[in-house]
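In terms of this note's numbering, the sequence shown opens at residue 48 and continues consecutively.
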Amino acid sequence: MELTKQIKQIIKGEVKQDSQTLAVFSKDASIYKISPKVAVFPKDSKDIQELVKFVAFEKSHGKDLSLTARSAGTDMTGGPLSESIVVSMTRYFNHIKKIGRDYAIVEPGVYYRDFEKEAHKHKLLLPSYPASKELCTIGGMVANNAGGELNLIYGKTERYAQEIKMVLADGKECVFKPLTLVQLEKKKSVKDLEGQIYTRMFDLIEQHYELIMAAKPDVSKNSAGYYLWNVYDKAKGIFDLTKMIVGSQGTLGIITETRFKLVRPKTREHLLVIFLNDLEQLPEIVNHLLQFKPQSIESYDDQTFKVAIKLLPEIVARLKGNAIKLFFGFLPELWMVLTGGVPKLVLLAEFSSEKESDALARTKHAQASLAQFRVPTKLIQSREQAQKYWVIRHESFSLLRHHVRGMRTAPFIDDFVVKPEVLGEFLPKLYKILGKYKLLYTIAGHVGDGNFHIIPLMKVGDKRAPEIIKKLGQEVYDLVFAYKGSMTGEHNDGLVRGPYLKQMFGSRVHELFLETKKIFDPHGIFNPGKKADASASYAFKHLDFN
């Protein structure tokens with residue numbers, strides 16, 4: 048209670064310590080449970096600045112306190128979990144401050160679904176939204192460097208964050224944006240923590256430039272580590288720390304505002320649905336489809352498909368339109384389940400263009416070319432028809448998480464990436480590893496760029512869970528690293544993958560990650576134990592399978 052009283056004296060926002068609030072904040076969408084001491088709801092940036100100063104002072108006097116920012120709590124890595132102070136951003140930091148001609152300024156607690164509606168009024172889009180776009184916030188997207196179904200042509204959140212406003216470890220709020228080398232020198236001359244950060248980060252990157260550039264994962268997307276390789280563009284003479292603040296999971300400071308570049312999306316889209324009964328065909332079909340430059344190639348498997356059909360009323364409720372008409376639209380899928388003809392994997396290949404004729408022609412061309420593989424396909428020409436497939440893909444994890452009786456989703460090998468061209472070799476080896484453990488698991492993800500979301504379903508109360516997670520996780524990541532992949536394309540490190548960073552990047556680069564953390568956060572007050580300084584023993588201690 049003393050901590051609560053102390054915080055209430057210095058901020059305008061609320062401070063909660065009741066069991067119900069702490070129970071909510073003790074979980075996210077991961078396999079962990081960690082109860083905080085207190086939850087704080089800051090009203091403005093001044094509150095956060097005072098909170099940071101308070102924690103820094105207490106830490107310097109021997110108190111073990113820290114700050115972990117949290118928004119929607121949809122993180123799958125344990126990123127927003129803390130034994131200390133959770134700073135909740137959704138109650139007050141939920142304003143869309145401005146939408147301009149091609150940009151927006153947004154606070155971290157804004158739900159993406161609300162932002163998308165406002166941006167749509169301006170015919171604009173932030174295209175790096177994840178499958179959980181109906182649940183997640185802008186803050187989580189920045190913290191994890193989110194990506195999703197449009198990554199093939201639009202890239203991830205790191206491409207769109209232009210400026211970031213963040214409270215640093217000295218309690219000052221600073222704006223990070225691209226700097227010329229002349230502007231950088233001015234920043235370095237400032238005698239405060241911000242100046243020290245620019246001075247020391249430039250020296251760190253300059254002195255280890257070749258090592259850092261060689262460490263960049265050679266895949267289409269990556270959310271592991273701190274993205275040191277993206278900061279200093281020597282050819283353009285630009286130094287931009289926003290490129291590594293994105294994806295830092297709140298370990299370097301507390302973000303209060305982000306300016307995003309937005310795009311005008313292509314207005315004509317057609318969907319090609321491919322039903323695979325043999326997963327051995329997947330690598331060849333994916334690489335074949337990529338020749339036609341689709342906007343996305345997504346997937347979900349038979350387990351997800353069956354759960355979706357069982358929960359048909361809930362699925363229909365999430366769709367917009369005539370409920371009866373939508374229900375009848377699912378009859379072919381319902382018949383598949385009843386007759387035992389459920390495909391092992393459903394692929395969704397979407398083609399877009401400014402011209403209707405071009406989008407349709409490319410979709411038809413792709414469909415015709417798949418005849419050689421002898422797989423059932425279906426050309427979807429209306430958005431209403433396409434919606435039913437997309438809602439199953441978008442809601443796949445949520446459906447499994449909340450509706451599988453006696454079992455729970457266990458995301459710990461849920462986000463790895465390898466190059467699509469190696470899938471033919473990689474996938475058989477992956478299936479062999481998975482087969483040894485005789486687990487029920489689901490496969491979904493962005494197969495167009497080799498990003499797979501494999502979610503094992505494990506029995507609640509299973510005492511074997513920690514050992515399975517440890518052994519299976521190590522085997523899968525050994526395989527991913529052997530193919531020069533990344534262990535996370537979108538979901539980030541947190542508790543679940545932070546302990547593997549040294550293996551993925553090597554000890555020298557891992558040391559640079561630790562040094563980066565220390566430069567920004569000298570006293571370790573921002574979300575400790577995540578990413579570079581994560582501990583496997585701590586993570587296993589907080590597994591939640593009860």
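Note that CB positions come from ideal geometry on N, CA and C, so glycine has one too.
Per DSSP, reduced to three states, the secondary structure at Thr121 is coil, with no helix or strand assignment. Taking the CA atoms as reference points, Leu526 sits about 17 Å from Val543. For the 8 Å CB-CB criterion, Ala166 and Met136 do not form a contact. Separation of the CB atoms of Thr121 and Leu182 is rounded to 5 Å, and the pair is thereby assigned contact status at 8 Å. Secondary structure at Pro330: helix, using DSSP grouped into helix, strand and coil. In the structure shown, Arg440 falls within a helical segment according to DSSP collapsed to helix, strand and coil. With the rule of 3 Cβ pairs closer than 8 Å, the segment 421 to 439 does not count as touching the segment 49 to 65. Between the segment 265 to 272 and the segment 167 to 179, the count of C-beta pairs closer than 8 Å stays below three; the two stretches do not touch. Look at Val87 here: in three-state DSSP terms it is strand. The residue among Lys565, Lys517 and His538 with its C-alpha nearest the C-alpha of Phe587 is Lys517. Residue state for Phe140 is assigned as coil, using DSSP reduced to three classes. With fewer than 16 neighbouring CB atoms inside 10 Å of its own CB, Arg148 falls in the exposed class.
The beta carbon of Phe101 sits closer than 6 Å to the beta carbons of Ile57 from its chain, once the five residues preceding and following it are set aside; these are given in chain order. Taking a 10 Å sphere around the C-beta of His500, we find 16 or more other C-beta atoms and assign the residue as buried. Residue environment for Met260: exposed (fewer than 16 other C-beta atoms within 10 angstroms of its C-beta). Between Glu442 and Gly194, the C-beta spacing is not below 8 Å. Rounded to whole angstroms, the separation of the alpha carbons of Thr184 and Tyr150 is 17 Å. In the assembly as shown, Lys290 is a buried residue. Its beta-carbon has 16 or more other beta-carbons within 10 Å. Remark: three or more beta-carbon pairs, one from each stretch, lie closer than 8 Å, so the segment 554 to 561 and the segment 251 to 260 are flagged as touching. Excluding five sequence positions before and after Leu228, the CB atoms of its chain that fall closer than 6 Å to its own CB belong to Gly284, given in chain order.
If you compare the alpha carbons of Thr68, Leu477 and His493 with that of Tyr524, the shortest gap goes to Leu477.
Judged by their CB atoms, Gly541 and Thr124 are nearer to each other than the 8 Å cut-off. For Pro225, the CB contacts under 6 Å within the same chain, skipping 5 residues up- and downstream, are Ile285 and Asp287 in chain order.
Taking the Cα of Thr351 as reference, the smallest distance to any Cα among Phe223, Glu257, Ile292 and Gly492 is reached at Gly492. Distance from the CA atom of Ala103 to the CA atom of Lys144, rounded to whole angstroms, is 30 Å. Residue range Arg315 to Leu323 is occupied by the beta strand (DSSP E) that includes Glu316. Sequence-distant partners of Ala396 (beyond 5 residues in either direction) whose C-beta falls short of 6 Å from its own C-beta, in its chain, are Leu319, Leu336, Pro341 and Ile344. As for any beta strand (DSSP E) of minimum length 3 sitting wholly inside the segment 257 to 283, there is none. A contact is defined here as three or more CB-CB pairs under 8 Å, and the segment 321 to 334 meets this definition with respect to the segment 465 to 483. Taking a C-beta distance under 8 Å as the contact criterion, Val507 and Phe592 qualify as a contact pair. For Asp217, same chain residues with a beta-carbon under 6 Å away, outside a window of 5 residues either side, are Leu240 in chain order. Inter-residue distance for Gly453 and Glu257 is about 51 Å (C-alpha atoms, whole angstroms).
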